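Novice: Mind having a look at this structure? Questions to follow.
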Amino acid sequence: MTTTVKPMTIDVPQDVIITNLMLYWVTNSFWSAIRLYSELYYNPWELGPGERIEVPTGVAAYPHELAPIVRQRAERYYNVTRFTKFEKGGHFAVHERAEEMAEDLRAFFRPLRKPA
């Protein structure tokens, strides 16, 4: 049996990738940057039975994310006030879809702002 794995494609300019890699390498911050992944793997965080986070939560669902977000599951555990399903992007959405992401963040926070 043969399994074919498609290579992951990222819609990010090469200079952005190189700059990002250099920032981690030169500042020696790679290990601290991936610590979150290690913590989640070895010590998964879970809500107790019946618990829910009530803070207004925005969710950006990208089709090529490493762990796809299921709307119903997000809404079960969080007070989802904005759920945006994007057509493109993935784990590196901040680089791939920066303008879209920024506008979605603004739209999420707009109703939460208090008048001056």
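149 is the number that this note's numbering gives the last residue of the sequence shown; the numbers go up by one with no jumps. Note that the Cβ used here is the ideal one computed from N, Cα and C, for glycine as well. Quick caveat: nothing in here was measured; it's all calculated off a predicted structure.
For A66, write down the residues that DSSP places opposite it in a beta bridge.
Specialist: Indexing the sequence shown from 1 puts residue 66 at position 33. Answer by DSSP bridge pairing: none, since A66 is not bridged.
Novice: Within 10 angstroms of its Cβ, does A126 collect 16 or more other Cβ (buried), or is it exposed?
Specialist: For the purposes of this step, residue 126 is taken as the residue at position 93 of the sequence shown. A126 should be labelled buried.
Novice: Could you pull the DSSP bridge partners for H124 from this structure?
Specialist: By 1-based counting over the sequence shown, the position of residue 124 is 91. Note: H124 sits in no beta bridge, so no partner.
Novice: Between the segment 80-90 and the segment 105-120, are three or more C-beta pairs nearer than 8 Å?
Specialist: Segments in contact, yes.
Novice: Ignoring anything shorter than 4 residues or poking outside the segment 74-129, list the alpha helix (DSSP H) runs there in chain order.
Specialist: The segment 74-129 contains these whole alpha helix (DSSP H) runs: 104-110 and 126-129.
Novice: Answer yes or no: do G123 and E98 have a C-beta to C-beta separation smaller than 8 Å?
Specialist: Position 90 of the sequence shown, counting from 1, holds the residue named residue 123. Position 65 of the sequence shown, counting from 1, holds the residue named residue 98. A contact, by the Cβ cut-off of 8 Å.
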